[in-house]
Amino acid sequence: MPAWSFTLLVNQPLTPEQADAFDHCDAFGDGSVSYMRGPAKPEQYPIQCDPSDLIELWCDVEALTLLDAIAQTARNVQLIPGLRAVGATHKDTVTLSDAAQRCDRSYESLVELSQEDEHFPEPLETDGTVFYSWLHIADYLRRLGDDVPHTPRELVIADRTLRLVEDLRGTDVQPGTLRALGLP
């Protein structure tokens, strides 16, 4: 079964209690989902972390499809009291394996292109693992004639659904109105 890489956005940075619950939750025991916590007293640190990193979970989840992986992770996040998924995205930085998941080419095909075609995008910093810009790879593949979407359809569906669920939270919308809008 493939492992899908994505970023799940959550409603808030994890509190110490939520981080503890996350670390002891069986659903996350395989290490497929990770998070970053800010310092307890950020004013004591000269270099501040990016606040957006504190509401992101980095995921490498095994599932049949990307949509299944996101749904499974969003469901498991609800096991942590007060935490919920509110969106999903991809980062621009990818390995060739990640890039292969986002297009109709195999990993082997991308490796071959990276080694044999001088126009293939240059890697980003390479201390160990080699990373590339997905935007550059996608543009390159489009120039070759590949039909590469900016964002995979399954990721768009998951992101929009999670955002809609969050927007509907606490509103008084009648089920008949939602059905009239095309929702089940």
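Numbering (our numbering), first residue to last: 973 to 1156.
We put the CB at the ideal spot given by N, CA and C, even for glycine.
Notebook entry, point to check: Would DSSP call Ala1035 helix, strand or coil?
Noted result: The answer is coil: DSSP assigns Ala1035 none of H, G, I, E or B.
Checklist line | Residue range of the unbroken alpha helix (DSSP H) whose run includes Ser1069 | finding: It spans Leu1068 to Arg1074 - the alpha helix (DSSP H) in which Ser1069 sits, taken as one unbroken run.
Next item on the list: Determine, using beta-carbon pairs with one atom in the segment 1051-1071 and one in the segment 1101-1121, whether at least three such pairs fall under 8 Å.
Entry: The segment 1051-1071, when compared against the segment 1101-1121, does touch it at the 8 Å Cβ threshold.
Notebook entry, point to check: Less than 7 Å between the CB of Gln1073 and some heavy atom of the ligand SAM, yes or no?
Noted result: For the ligand SAM, the structure offers nothing, since it holds no ligand at all.
Check: In terms of residues, what are the limits of the alpha helix (DSSP H) holding Val1128?
Finding: Per DSSP, Val1128 belongs to the alpha helix (DSSP H) from Arg1125 to Leu1140.
Check: Among the residues of its own chain, which have a CB less than 8 Å from the CB of Gln984, if the five just before and after it don't count?
Finding: Here the set comprises Ile1027, Gly1054 and Leu1055.
Note to self: If you follow the alpha helix (DSSP H) that Phe994 is in, where does it begin and where does it stop?
What the structure shows: That run of the alpha helix (DSSP H) goes Pro988 to Asp995.
Checklist line | Distance CB(Glu1126)-CB(Thr1037) smaller than 8 Å | finding: Yes.
Check: In terms of residues, what are the limits of the alpha helix (DSSP H) holding Val1083?
Finding: Counting along the chain, the alpha helix (DSSP H) containing Val1083 begins and ends at Tyr1079 to Glu1088.
Next item on the list: Compute the beta-carbon to beta-carbon distance between Ser977 and Asp1032, rounded to the nearest angstrom, for a pair I have assumed lies under 8 Å.
Entry: Contact holds; Cβ gap of about 5 Å.
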